[in-house]
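Scroll down for the structure; my scribbles are underneath it.
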Amino acid sequence: MIMTTVDLNKAIKTIEKALEIDPENTDALMNIGAVYSYMNRMDKLKSYLEKVLKIDPKHEEAWYTLSEFWRNKGRIEKQIDSLEKLIELYPENTNYWEKLIGIYKSKNEVDKIIESYTRLKDLHPKDPSYWWILGHHYLMTKKDWDNAILILKIAVEMDNSKFEHLRDLGYAYIAKEERITAIDFLEKALRINPKDKNTWEILIAAYRGSGNPEKADETKERAEKCLYSDYTLQAFYKLPESVQEALKDFVKEAIVTNEEWDSKKKIENMIIKNIRPTFIPTLLELSDDDITWMINQYQGKLSTKHNEYLSNLKEIYEKFVSKKESS
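Those letters in the sequence shown? Residues 6 to 332, per my numbering, in order.
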């Protein structure tokens, strides 16, 4: 519904009557401010926000609206002041931190970025993700290798299952030219995510730089197998021959039906990445007849839309489970 100027003025008068009864009603003051904002009377909006904050200095919505007011005015320093006040009052709200850090990133204020992430880490000292992001910015933004290593080592000690923790610590040791130590962390990172091309390249260079060309060549071969070799289901699971053949037909049907897709490889990769972890392992338990039934059920149900594709597969699998349970 589009409100006319007459409608908006009526709304203001109605709210003003409420304020005559309770002049410190912050909800009413915010509502009038919202009406003026709708009318693009930003000067009036600001005055009502200031009234609200005089009554309630901790009013979260008023501070946030004021920060947006300054942003729209291009008064970045004023916006920062408002966001800092919000963070002081509501430090657990990550949205305010993200907005503040986003401003510092746009201004390339490296020290402010580091300071903000340090404050976040201090607020969440037991959360390894905050240690990691601080270490990441010491590494990538400030180029301070010593502090990067110090912080990232703590992140890894707290959680050594995260690819980015191990990768960044490896990168930091590379920057310090401590290649042997770097290799250990890069190898561990690639065990978690063997599809990261950049990390493979850095690992290969680290082996060469450490005077081990044979290991570099061997690592290059490993990287090529992980990154570029054709995916085959047999490489991941030891499936019976009949099952492999059925799955080949399954993939061919996907390729034929999805003609609009970029390439055969894209579809194969999609199947490996999105279906294999949840779907194909169950095939180890299935008979040839089971496989044939599932493939037949799937014919003609493929879709060019990714979400529908996976949804259809889930539907067929649920039918299969239901069929097995009732038999």
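C-beta: ideal position from N, C-alpha, C; glycine also.
From a predicted model like this one, the values you see are computed outputs, not experimental measurements.
(message) Taking the alpha-carbon of threonine 123 as reference, which of Gly175, Asn217, His141 and Leu58 has the nearest alpha-carbon?
(response) His141
(request) Inspect the beta-carbon positions of threonine 31 and valine 57 and report whether they are closer than 8 Å. (result) yes
(request) Since I believe alanine 160 is in contact with tryptophan 137 (beta carbons under 8 Å), could you give me their beta-carbon distance rounded to a whole number of angstroms? (result) 4 Å
(request) Decide if isoleucine 185 is buried, meaning its Cβ has at least 16 other Cβ atoms within 10 Å, or exposed. (result) exposed
(request) Can you have a look at methionine 145 and say buried or exposed, based on whether 16 or more other CB atoms are within 10 angstroms of its CB? (result) exposed
(request) Using only alpha-carbon positions, find the residue among Lys147, Leu155 and Tyr101 that is nearest to isoleucine 119. (result) Lys147
(message) Looking at serine 215: is its Cβ nearer than 8 Å to the Cβ of isoleucine 188?
(response) yes
(request) Could you check the C-alpha separation between glutamate 226 and aspartate 164 for me, to the nearest Å? (result) 29 Å
(request) Starting from the C-beta of tryptophan 75, find all residues in its chain whose C-beta is less than 7 Å away, skip the five residues before and the five after it, and write them out in chain order. (result) Lys83, Gln84 and Ser87
(message) Measuring straight from C-alpha to C-alpha, what distance separates asparagine 279 and arginine 196?
(response) Here asparagine 279 scores only 45 on pLDDT, less than 50, and its place in the model is too uncertain to base an answer on.
(message) Pop quiz: tryptophan 68 and leucine 91 are said to be a contact at Cβ under 8 Å. What is the actual Cβ separation, rounded to whole angstroms?
(response) 5 Å
(message) Which of the three DSSP states is assigned to glutamate 226 in this structure?
(response) helix
(message) Measuring only the C-alpha atoms, how far is glutamate 229 from lysine 117?
(response) 41 Å
(message) To the nearest angstrom, how far is the alpha carbon of glutamate 93 from that of lysine 112?
(response) 22 Å
(request) Please work out which residues of its chain come closer than 7 Å, Cβ to Cβ, to methionine 44, disregarding the five sequence neighbours upstream and downstream, and give them in chain order. (result) Leu13
(request) Report the residue from Lys220, Leu54 and Leu155 whose alpha carbon sits nearest the alpha carbon of glutamate 29. (result) Leu54
(request) Spatial neighbours of tryptophan 150 within its chain, please: CB distance less than 6 Å, with the 5 preceding and 5 following residues excluded, ordered by chain position. (result) Ala177, Ala180 and Lys181
(request) Rounded to whole angstroms, what's the CA-CA distance from glutamate 223 to lysine 167? Just pull it up for me. (result) 25 Å
(message) By alpha-carbon positions, which one of Ile106, Pro62 and Asp61 ends up nearest to isoleucine 81?
(response) Ile106
(message) For serine 72 and glutamate 97, I'd like the C-alpha separation in whole angstroms.
(response) 18 Å
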